[in-house]
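S.K.: Quick one: the structure is below, questions incoming.
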Amino acid sequence: AFLALVPTQLARLLESPTETAALRDCHTVLLGGGPLDPALRRRAEQAGVRVVATYGSSETSGGCVYDGVPLDGVAVELDPDGRIRLGGPMLFDGYDGDTALTGTTLVDGWFVTSDLGRWREDGRLQVLGRADDVVISGGVNVPTPAVAARLRQHPAVAAAEVLGVADPEWGERVVAFVVGDVSLDEVRDFTAVELPRAWAPRQLVTLGALPLLANGKTDRTALKELA
Numbered sequence: 029a030f031l032a033l034v035p036t037q038l039a040r041l042l043e044s045p046t047e048t049a050a051l052r053d054c055h056t057v058l059l060g061g062g063p064l065d066p067a068l069r070r071r072a073e074q075a076g077v078r079v080v081a082t083y084g085s086s087e088t089s090g091g092c093v094y095d096g097v098p099l100d101g102v103a104v105e106l107d108p109d110g111r112i113r114l115g116g117p118m119l120f121d122g123y124d125g126d127t128a129l130t131g132t133t134l135v136d137g138w139f140v141t142s143d144l145g146r147w148r149e150d151g152r153l154q155v156l157g158r159a160d161d162v163v164i165s166g167g168v169n170v171p172t173p174a175v176a177a178r179l180r181q182h183p184a185v186a187a188a189e190v191l192g193v194a195d196p197e198w199g200e201r202v203v204a205f206v207v208g209d210v211s212l213d214e215v216r217d218f219t220a221v222e223l224p225r226a227w228a229p230r231q232l233v234t235l236g237a238l239p240l241l242a243n244g245k246t247d248r249t250a251l252k253e254l255a
């Protein structure tokens with residue numbers, strides 16, 4: 029059996045031995061609806077749960093890229109700015125009653141997403157995050173969710189968030205907020221192993237815990253006040 033979940037659901041189910049056992053009985057757990065934290069993936073795999081990260085949307089009839097590999101018949105292109113385009117027979121015909129939005133989203137047979145991506149060295153697609161999450165620092169577009177995801181892979185980092193903060197020299201400087209015992213040099217070097225060095229944080233703020241909103245999401249406003 030296959031089971032489709034969002035990462036938050038998987039994290040909660042893994043807290044229960046009974047639910048974890050049920051997940052192990054699934055052939056594969058398909059995860060979509062948001063980025064998959066590498067730490068959560070490791071946690072699932074260590075529990076014996078096979079997970080696959082899916083990428084897609086209702087406009088693409090659901091997930092059409094699995095663990096960075098397009099399904100048969102699915103085409104993926106990246107615009108010069110890194111925006112992901114998807115093509116193939118799974119695309120929708122348009123938005124009902126909204127020809128203007130359809131015209132800007134369906135272009136020459138391609139679905140122009142609001143997401144940024146890059147090709148990894150192994151040829152797989154890496155989704156970096158939403159285009160509106162990009163920080164422009166020193167003229168370089170930095171997708172902060174991708175940098176945060178990379179930092180969460182560091183063995184000494186328990187949690188991490190990356191934001192842009194106004195800066196007179198850089199326009200916006202990339203700031204890493206980290207729960208863990210690491211230095212700025214370590215953070216920058218670790219980022220540059222997998223991502224462009226120009227994306228590496230220029231400031232590090234270490235915390236005992238990330239501030240959270242009532243809904244459990246990171247309080248970005250509170251973090252920026254600490255930079």
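Each number in my numbering comes from the position in the sequence shown (counting from 1) with 28 added on.
Backbone N, C-alpha and C fix where the C-beta goes; we use that ideal spot for every residue, glycine too.
Source: prediction; values computed, not measured.
Give the straight-line distance between the Cα atoms of Pro98 and Arg111, rounded to the nearest whole angstrom.
M.R.: Cα-Cα distance, rounded: 16 Å.
S.K.: For the ligand HEM, I want to know if Pro183 counts as a neighbour, meaning its beta carbon is within less than 7 Å of at least one of the ligand's heavy atoms.
M.R.: This structure does not include the ligand HEM; it has no bound ligands of any sort.
S.K.: Using beta-carbon positions only, say whether Arg78 and Val57 come within less than 8 Å of one another.
M.R.: Yes, the pair counts as a contact, with Cβ atoms nearer than the cut-off.
S.K.: Cβ of Arg180 within 8 Å of Cβ of Pro63?
M.R.: No. Outside cutoff.
S.K.: In chain order, what residues of the same chain have a beta carbon less than 8 Å from the beta carbon of Val80, not counting five sequence neighbours either side?
M.R.: Taken in chain order, the residues that qualify are Thr56, Val57, Leu58, Leu59, Tyr94, Asp95.
S.K.: What would DSSP say about Ala81, mapped onto helix, strand or coil?
M.R.: Reduced to three states, the DSSP call for Ala81 is strand.
S.K.: For the candidate residues Cys54, Leu235, Asp126, whose alpha-carbon lies nearest to that of Glu73?
M.R.: Nearest C-alpha to Glu73: Cys54.
S.K.: According to DSSP, simplified to helix, strand and coil, what is Val175?
M.R.: It is helical.
S.K.: Checking 8 Å against the spacing of the C-beta atoms, do Arg113 and Thr141 come in under that value?
M.R.: Yes, the Cβ-Cβ distance between Arg113 and Thr141 is below 8 Å.
S.K.: Can you tell me the Cβ-Cβ gap for Val168 and Ala226, rounded? I've got them flagged as a contact below 8 Å.
M.R.: Between Ala226 and Val168 the Cβ distance is about 5 Å, and since that is below 8 Å, they are a contact.
S.K.: Output the distance between the C-alpha atoms of Pro239 and Gly208, rounded to the nearest integer angstrom.
M.R.: So the alpha carbons of these two residues sit roughly 15 Å apart.
S.K.: Return the CA-CA distance between Lys245 and Ala32, expressed in angstroms with no decimal places.
M.R.: If I take the Cα positions, the gap works out to 22 Å.
S.K.: Going by beta carbon distance, what residues of the same chain come within less than 7 Å of Ala255, once the five residues before and after it are set aside?
M.R.: Correct list, in chain order: Val193, Val203, Gln231, Val233.
S.K.: State the start and end residues of the unbroken beta strand (DSSP E) segment that holds Thr246.
M.R.: Note, Thr246: premise wrong, no beta strand (DSSP E); not H, not E.
S.K.: Rounding to the nearest angstrom, what Cα-Cα distance links Thr82 and Arg152 in this structure?
M.R.: Roughly 12 Å between the two C-alpha positions.
S.K.: When burial is assigned at 16 or more other CB atoms within 10 Å of the CB, is Pro183 buried or exposed?
M.R.: Pro183 comes out exposed.
S.K.: Going by DSSP, which residues form a beta bridge with Gln74?
M.R.: Answer is none; Gln74 lacks a bridge partner.
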